[in-house]
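A.B. asks:
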Amino acid sequence: MKIGIGNDHSAVDMKNEIVKYLEELGYEVVNYGTDTHESCHYPIYGEKVARAVVAKEVDLGILICGTGVGISLAANKVKGIRAAVCSEPCTARFTRQHNDSNILAFGARIIGIETAKEIVKAWLDAEFEGGRHQTRVDMIMALENE
Ligand code: RB5
């Protein structure tokens, strides 16, 4: 499985650790940047990863900024994206199982690297359950066409 990853300047170090962790787990990783600590605009990287997910260049995406919020808000503006900000593994698991989230976001200024790894693992190990959850996801996606 291929994972696209993107981040702003506040999350370069955490991104690098997460890339290493994903590769140890056997995932192929595509890095959409940024790779410097120079201040940048998180919507650029949120959009890059979101477009890569929608275009199926990658199967799923991971986004990291200071809080995880700004970069996920940008990603969620791209049609077809369901980006979820998580600060603990339980929400991460449920957001795959129930919301079929296709992007996971978290904040490098909010959580530590060990929690980030637990969140990533919980999210990637979970599967969408479909059924009644599919109906609800369809309702969310229908909002994009209004
Ligand atoms: C950048 O300073 C910061 O605003 C950004 O990383 C993020 O927290 C936005 O939601």
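Following our numbering, the numbering of the sequence shown begins with 388 at its first residue and continues without gaps. Even for Gly, the Cβ is constructed at its ideal location relative to N, Cα and C.
(1) Check whether the Cβ of aspartate 400 lies closer than 7 Å to any heavy atom of the ligand RB5, and answer yes or no.
(2) Tell whether a beta-carbon distance below 8 Å holds between alanine 470 and alanine 479.
(3) How should aspartate 525 be labelled, buried or exposed, when 16 other C-beta atoms within 10 angstroms of its C-beta is the threshold for buried?
(4) Pull up the CB-CB distance for cysteine 452 and asparagine 394, whole angstroms please, since I reckon it's below 8 Å.
(5) For tyrosine 429, is the beta carbon positioned less than 7 Å from some heavy atom of the ligand RB5?
(6) Considering only the beta carbon of each residue, do isoleucine 458 and valine 440 sit closer than 8 Å?
(7) Over the uninterrupted alpha helix (DSSP H) stretch that includes alanine 462, give me the two end residues.
(8) Can you list, in chain order, the residues of its chain with a C-beta nearer than 8 Å to that of threonine 454? Leave out the 5 residues immediately preceding and following it.
(9) Relative to the ligand RB5, what is the chain-ordered list of residues with a Cβ closer than 5 Å to any of its non-hydrogen atoms?
(10) Expressed to the nearest angstrom, what Euclidean distance is found between the alpha-carbon atoms of cysteine 477 and aspartate 446?
C.D. replies: Quick look at the numbers:
(1) no
(2) no
(3) exposed
(4) 6 Å
(5) yes
(6) no
(7) 456 to 462
(8) Val472, Gly494, Arg496, Ile497
(9) Asp395, Ser397, Cys452, Gly453, Thr454, Val456, Gly457
(10) 21 Å
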